[in-house]
Each structure stands twice: as structure tokens, then as C-alpha cells.
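Participant: Please find one structure pasted underneath; my questions will follow.
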Ligand code: NAP
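Numbering (our numbering), first residue to last: 3 to 250.
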């Protein structure tokens, strides 16, 4: 018996990095896991195949979660197929870093729309079945940047701080329907997103992390799996930092 046996989960940005690790962890615990990707079709199909090999069902949906109708369409397809949705993980995200002096309107809009508006787009469609079921878990992947800020990431930090406000507001709106809404704030995780950092930047980061190392995607996924399970039924509106102690 798994912690999430036969639960139906949707993970945005499940083709790579943290989202991929979350999708696999939820499937390991027994859930059927649908993923959304934007461009990495081959990687997304690999994740879906990996989940199916575990005896769970999985579909990789191509779509841009920043576009309302595309996000709604994907959620609707999952609900038509399974007649329910138990777990939503809003994980899809991008960075377009730069000092504000040099940041273009396109850099701002791209990050805000992909990281924050997408959360509105997907969640709005997902809460309807959850409210009918009178149960559901929504987990938003924010960032420590949204809590402490980061020079060169005004757009990204604003999007992630926005996710935290969204999480707390929705937790208050949906608590009476037995829907828990929480956020996970990773620190520095080894994925494609952070691969572009220089050795010098990594060295500086390691110095400010009490545990003196970066995280593996699986270390974020384990916390998400816990929040998605009934072990976390009395936790809502929280932001759990998984950051080696950076924020305390
Ligand atoms: P990643 O390796 O770059 O993967 C990003 C994922 O998001 C990919 O699956 C990508 O799809 C998907 N995606 C991006 N834009 C999308 C869109 N418009 N529509 C649908 N899917 C989209 O990133 P990651 O490092 O795993 O980060 C995952 C989340 O954790 C992000 O929200 C990020 O902000 C957050 N986070 C990461 C770190 C870190 O250190 N890595 C730290 C704190 C927070 P494709 O594969 O198709 O491109």
C-alpha cells in the first residue's frame, strides 16, 4: 500500500528537474500522475513511460501554462478521464535574470506570466473538481528568492512572492472544503535552471548554505509527496523551505 494509492495528480513542468522528480515520487507512492510540459516532448514522454512502468497511469500534456485556455484545457482533460483530481503541483517556472536597469518588459512579463499567472490559470480549473470531492492538495513550488529577494531576480522573486500570497489566500478560501494549499520553497537545486551558474557563483552560494551543499531534485520531491499525503491533512497555508538552512 502506498501513501497515495490511486490518487490522481497533475504536475506542471514535469518533464525535467524538480517537476520530474516530483512526478516520479508521487507515482512511487501509488498515484496516477499526469504531467505538463512546454517544449521537452522527448523528456516528458520518458517520464510518462517511467511512471507507467511502475503500474500507474500517466499522460504527458503539451501546453503553455501561462495561457489560460491551454491550462484549463489540460485540467479539463484530466478530470474528464479520471472524474477527479486529488493533487495539483504548480511547478512550471522559468528565470530571465538581470538587473532591473537592464530588464526588458518582455523579461518581466515572461517570468510573471509563466511563474505566477500560470498558477491562477491551472488552479482555477483544478479547484472545481476538488470542491465537489471535498478534498484536494495543492502544492505550489515557490523559491527562497520570493522570501528574501535576490539581486538580478526582481521579476523572478516577485513572481515567487506572489505565489506565496496566492497560497495563503487560497488556503483560507478552501480550508472549509478540506482542500490544503501549501508552498514549498527550494533553495539551490541542481537542475537545468541552475546549470548556467558559474563555479564562482556556486562557491559563493555554498558559503551561505548552512548544510554547505546544493539540493538534489529528489530532496524537494520528498517534501511535496509528504504534503500531498494524508499525513499532512492538518497543514495548510504554509511555506516549507527546503534550502539547507538558508532561510531561518
Ligand atoms: P527546469 O529544470 O528548468 O524545468 C522547468 C520545467 O517547467 C520544465 O518541465 C519546463 O517544460 C516547464 N515549463 C516552463 N515553462 C512552461 C510553460 N510555460 N508551460 C508549461 N511548462 C513549462 O526547472 P527546475 O529547476 O526544475 O524548477 C522547477 C520549479 O522550481 C520552478 O518553478 C523553479 O522556479 C523552482 N525552483 C527551482 C530552484 C532551483 O534551484 N532549480 C530553486 C527554487 C525554486 P519543458 O521541459 O517543456 O521546457
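C-beta atoms are modelled at their ideal positions from N, C-alpha and C, and glycine is treated no differently.
Can you round the beta-carbon distance between residue 134 and residue 182 to whole angstroms, since I take them to be within the 8 Å contact cut?
Facilitator: The sequence position of residue 134 within the chain shown is 132, counting from 1. The sequence position of residue 182 within the chain shown is 180, counting from 1. About 16 Å; that fails the 8 Å criterion.
Participant: Tell me, to the nearest whole angstrom, how far the beta carbon of residue 211 is from that of residue 248; I am working on the premise that it is less than 8 Å.
Facilitator: Here residue 211 is taken as the residue at index 209 of the chain shown, counted from 1. Here residue 248 is taken as the residue at index 246 of the chain shown, counted from 1. About 6 Å; that satisfies the 8 Å criterion.
Participant: Note down the Cα distance separating residue 12 from residue 37, rounded to an integer number of angstroms.
Facilitator: Reading the chain shown from its first residue, position 10 is the one you call residue 12. Reading the chain shown from its first residue, position 35 is the one you call residue 37. Rounded to the nearest angstrom, the two C-alpha atoms are 6 Å apart.
Participant: The ligand NAP and residue 68: does any heavy atom of the ligand fall closer than 8 Å to the residue's C-beta?
Facilitator: Here residue 68 refers to the residue found at position 66 when the chain shown is read from its first residue. Checking every heavy atom of the ligand NAP against the Cβ of residue 68, one is found closer than 8 Å.
Participant: Whole angstroms are fine: how far does the CA of residue 102 sit from the CA of residue 2?
Facilitator: Nothing can be reported for residue 2, as the shown portion of the chain is limited to 3 through 250.
Participant: Give the secondary structure of residue 184 by DSSP, where H, G and I count as helix, E and B as strand, and everything else as coil.
Facilitator: As a working note, residue 184 is residue 182 in the chain shown. Strand.
Participant: Can residue 40 be considered in contact with the ligand NAP, in the sense that its beta carbon sits closer than 8 Å to one or more heavy atoms?
Facilitator: Here residue 40 refers to the residue found at position 38 of the chain shown. Correct: residue 40 has its Cβ closer than 8 Å to the ligand NAP.
Participant: At what residues does the alpha helix (DSSP H) containing residue 36 begin and finish?
Facilitator: Taking the chain shown and counting its residues from 1, one reaches residue 36 at position 34. Counting along the chain, no alpha helix (DSSP H) covers residue 36; the unbroken beta strand (DSSP E) around it starts and ends at 34-39.
Participant: Would the segment 191-211 count as touching the segment 150-169 if we require 3 or more Cβ pairs under 8 Å?
Facilitator: no
Participant: Pairs of beta-carbons, one from the segment 219-232 and one from the segment 139-148, closer than 8 Å: are there three or more?
Facilitator: yes
Participant: So, for residue 27: in the same chain, excluding its five sequence neighbours on each side, which residues have a beta-carbon less than 8 Å away from its beta-carbon?
Facilitator: As a first step, residue 27 is located in the chain shown; it is residue number 25 there, counting from the start. When the five nearest sequence neighbours on each side are left out, the beta carbons in the same chain lying within less than 8 Å of the beta carbon of residue 27 are those of 220, 223, 224, 226 and 227, in order along the chain.
Participant: Given a cut-off of 9 Å, decide if residue 21 and residue 40 are closer than it, judged by their beta-carbon atoms.
Facilitator: Here residue 40 corresponds to residue number 38 of the chain shown, with the count starting at 1. Here residue 21 corresponds to residue number 19 of the chain shown, with the count starting at 1. It is not a contact, given that the beta carbons lie outside the stated cut-off.
Participant: For the segment 184-238, which segments carrying the alpha helix (DSSP H) assignment without a break, of at least 4 residues, lie completely within its bounds, in sequence order?
Facilitator: Whole alpha helix (DSSP H) segments, 4+ residues: 201-210 and 219-230.
Participant: Is it true that the CB of residue 196 sits closer than 9 Å to the CB of residue 155?
Facilitator: Here residue 155 corresponds to residue number 153 of the chain shown, with the count starting at 1. Here residue 196 corresponds to residue number 194 of the chain shown, with the count starting at 1. Taking 9 Å as the Cβ cut-off, residue 155 and residue 196 do not qualify as a contacting pair.
Participant: Report all residues from its chain with a CB closer than 6 Å to the CB of residue 117; omit the five preceding and five following residues, and keep chain order.
Facilitator: Here residue 117 refers to the residue found at position 115 of the chain shown. Excluding residues within five positions, the ones whose Cβ falls inside 6 Å are 95 and 161.
Participant: For residue 170, which option in 186, 159, 75 and 53 has the closest C-alpha, if you only look at C-alpha atoms?
Facilitator: Taking the first residue of the chain shown as position 1, residue 170 is located at position 168. For the residues 186, 159, 75 and 53, the minimum Cα distance to residue 170 belongs to 186.
Participant: Quick one: give me the first and last residue of the beta strand (DSSP E) that residue 13 is part of.
Facilitator: By one-based count along the chain shown, residue 13 stands at place 11. Note, residue 13: beta strand (DSSP E), 10-14.
Participant: Look at residue 126 and residue 198 and say whether their C-beta atoms are less than 9 Å apart.
Facilitator: As a first step, residue 126 is located in the chain shown; it is residue number 124 there, counting from the start. As a first step, residue 198 is located in the chain shown; it is residue number 196 there, counting from the start. No, the pair does not count as a contact, with Cβ atoms beyond the cut-off.
Participant: Whose C-alpha, out of 44, 90 and 19, is nearest the C-alpha of residue 34?
Facilitator: Counting from 1 along the chain shown, the entry for residue 34 is found at position 32. That would be 90, whose Cα lies nearest to the Cα of residue 34.
Participant: By how many angstroms is the C-alpha of residue 104 removed from the C-alpha of residue 180?
Facilitator: Numbered from 1 along the chain shown, position 178 holds the residue referred to as residue 180. Numbered from 1 along the chain shown, position 102 holds the residue referred to as residue 104. Taking the straight line joining both Cα atoms gives about 45 Å.
Participant: Buried or exposed: which applies to residue 158, given that a residue is buried once 16 or more other Cβ atoms fall within 10 Å of its Cβ?
Facilitator: Here the question's residue 158 lines up with position 156 in the chain shown. Buried, because 16 or more other Cβ atoms sit within 10 Å of the Cβ of residue 158.
Participant: When you compare only the Cα positions, how much space is there between residue 111 and residue 68?
Facilitator: As a working mapping, residue 111 is identified with position 109 in the chain shown. As a working mapping, residue 68 is identified with position 66 in the chain shown. The alpha-carbon atoms of residue 111 and residue 68 are separated by roughly 10 Å.
Participant: So, is residue 76 buried or exposed, given that buried needs 16 or more other C-beta atoms within 10 angstroms?
Facilitator: Counting from one through the chain shown, the residue named residue 76 turns up at place 74. Buried, by the Cβ-count rule.
Participant: What did DSSP end up calling residue 252 once you bin it into helix, strand or coil?
Facilitator: Past the edges of the chain, shown from 3 to 250, lies residue 252, and the structure says nothing about it.
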